[in-house]
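The block underneath contains the structure these notes are about, expressed in structure tokens.
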Amino acid sequence: MSDTSDFLENEKPHEIYEKQEKYWASVASDVDGMLGGFEKLHSPDINDSKKFISLLKKNGFLSNFDHAIDCGSGIGRVTKHLLVPIFQKVDMIDVTESFIENSKKYLGLVESKIGQKFISGLQDFIPQENYYDLIWIQWVSGHLTDEDFVKFFQRCKSGIRPGGCIVLKENISSAQEKDFDTQDHSWTRPRALILELFKQAGLRVVSDRKQLHFPKGMYEVRMFALVPESGNDE
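Quick note: the sequence shown, position 83, residue 83 per full-length UniProt numbering, numbers continuous.
What follows is the structure, encoded as structure tokens:
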């Protein structure tokens, strides 16, 4: 870990982001590419996410279904199979232009329910204020530095409207410190650090569930539902 820490201290955030973009530009625009070669994860992933959204509805943390956004959307895997069946319009954002370009073919007939498509890194993205009922952030927050993570989630807090929430679905490190992947230049954070960053962003966790039915030996994956700290308690 010390070698990785020394390596990162010598790199500026924009240099890391540039390397991330270069990596993802080389990835295939298909489901297997979106899932890092683990296409078999698609069904259990979507099924558990559907259950999580149903839980949020039941507990009153998601009460409107006009607009959602898929952050780190890729070609629209989560957009198509999770969000489009629930919301009237779904926006997409990804840093990789080829993914957004190829999303129309992948989305097929549901393209008519897609709103805006943004090509941007999350460190630069500003959601429209008081607009989204659900901001869904899956397997992409590890590409943000801790500082940019907090700033992005603060902007998301302004982007949700009353009756809405933010969901982060992410890999969780079992180590005390962050794990750094030198291939895609991303961090996998321990749960305690993620919770601390939420707190810094002024957000409160109202639901925290583990993804089930993934193969053994992989990172644990958790889903966190977030509302502004001033929101109602569960």
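Note that beta-carbon positions come from the ideal geometry of N, C-alpha and C, so glycine has one too.
Query, Result
"In angstroms with no decimal places, state the Cα-to-Cα distance between K51 and G202.", "26 Å"
"Among S29, F224, E229 and S230, which has the Cα closest to the Cα of D48?", "F224"
"May I ask you to report which of helix, strand or coil DSSP gives P190?", "strand"
"Looking only at its own chain, which residues have a Cβ that is under 7 Å from the Cβ of S5, when we skip the five neighbours before and after it?", "Since pLDDT at S5 reaches only 47, below the 50 mark, its modelled position is unreliable, and the value read off the structure follows with that caveat. Around S5: no qualifying Cβ."
"If I measure Cβ to Cβ from D148 and keep anything under 6 Å in the same chain, skipping five residues before and after, which residues do I get?", "Q123"
"List the endpoints of the continuous alpha helix (DSSP H) containing residue 271.", "This structure gives no information on residue 271, because the portion of the chain shown stretches from 1 to 234."
"Let me know the secondary structure DSSP gives V140 once reduced to three states.", "coil"
"Hey, quick one: how far does the alpha helix (DSSP H) through N171 stretch, first residue to last?", "Premise fails: N171 lies in the beta strand (DSSP E), I160 to I172, not in any alpha helix (DSSP H)."
"I need the straight-line Cα distance from A192 to K199, nearest angstrom please.", "11 Å"
"Below 8 Å, can you find three or more Cβ-Cβ pairs linking the region 127–137 to the region 159–168?", "yes"
"Taking the Cβ atom as the reference point for each residue, do G115 and T188 lie within a distance shorter than 8 Å?", "no"
"Rounded to whole angstroms, what's the CA-CA distance from S173 to T182? Just pull it up for me.", "15 Å"
"Give every residue of the same chain whose Cβ lies closer than 6 Å to the Cβ of L35, excluding the five residues on either side of it in the sequence, and list them in chain order.", "L41"
"At what residues does the alpha helix (DSSP H) containing H42 begin and finish?", "H42 to K58"
"Can you tell me whether DSSP reads F198 as helix, strand or coil?", "helix"
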